[in-house]
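Below is one structure, written out as structure tokens, with a few remarks after it.
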Amino acid sequence: MKVYKNKKIFLCVTTITCIIFSATIVRAQELFFTYMGVVFQGGTNSINYESWIDTQQGKVKSKGTVYGGGIITTIFVHQFCGEFSLAYMQYSSDSTPDLSVGHPLATVKGKYFYPLSNVYQPGIGLGLYLDLPPASADYNGGAGANISFCSLVTLSSEIKTLIDI
Numbered sequence: 039m040k041v042y043k044n045k046k047i048f049l050c051v052t053t054i055t056c057i058i059f060s061a062t063i064v065r066a067q068e069l070f071f072t073y074m075g076v077v078f079q080g081g082t083n084s085i086n087y088e089s090w091i092d093t094q095q096g097k098v099k100s101k102g103t104v105y106g107g108g109i110i111t112t113i114f115v116h117q118f119c120g121e122f123s124l125a126y127m128q129y130s131s132d133s134t135p136d137l138s139v140g141h142p143l144a145t146v147k148g149k150y151f152y153p154l155s156n157v158y159q160p161g162i163g164l165g166l167y168l169d170l171p172p173a174s175a176d177y178n179g180g181a182g183a184n185i186s187f188c189s190l191v192t193l194s195s196e197i198k199t200l201i202d203i
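Those letters in the sequence shown? Residues 39 to 203, per our numbering, in order.
Okay, structure coming up:
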């Protein structure tokens, strides 16, 4: 009777061990998506500046558009995404032409997507941006933090669409 009981325990331990190891193997075979391609960006800008302009106090109000395009690399791992882009951006001013400038822009972001459903996942991203030279003699460039609200739409097992705001 004791041998029969030991066989049951042995079978239970062996079965549980096999389940744990097979789950690890299945997890290791999950798909990680990598996208390398083009990116298009666009939007509007508004400048309200009140301080020293050259040698006197002044005020500048300007509105315009921002547009550009470049290359991007994105890696999706589970609910996380890492992104690097290099683009040429053009800032146009409707009212003050001397505020228009064009320059390369580099960004790096990390994003998290909330698994709302298998098709749609809202997310948030944090990163850094850096204006690269050459720009113009009047613009020295800039750098800073970048926060984006994003959406991930899964169209098929191999196609995902990413939208940032």
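For every residue, glycine included, the Cβ atom is placed at its ideal position computed from N, Cα and C.
This structure is a prediction, so every number in the text was calculated from the model and none was measured.
- The Cβ atoms of Tyr177 and Val139 lie closer than 7 angstroms to each other.
- Minimum Cα-Cα distance from His116 among the listed residues Tyr105, Lys198, Asp202 corresponds to Lys198.
- Using a 10 angstroms sphere on the CB of Phe151, the tally of other CB atoms reaches 16 or more, which defines it as buried.
- Restricting attention to Leu166, Ser195, Ile162, the CA atom closest to the CA of Cys119 is found in Ile162.
- Per DSSP, reduced to three states, the secondary structure at Asp136 is helical.
- Beta-bridge analysis with DSSP links Gln117 to no other residue.
- Looking only at Met127, Ile110, Thr145, the smallest Cα-Cα distance to Asn184 is reached by Thr145.
- Scanning its chain for C-beta atoms nearer than 7 angstroms, with the 5 sequence neighbours on each side dropped, one finds around Phe187 the residues Ile162, Ile203, in chain order.
- For Val191, the enclosing beta strand (DSSP E) begins and ends at 181 to 192.
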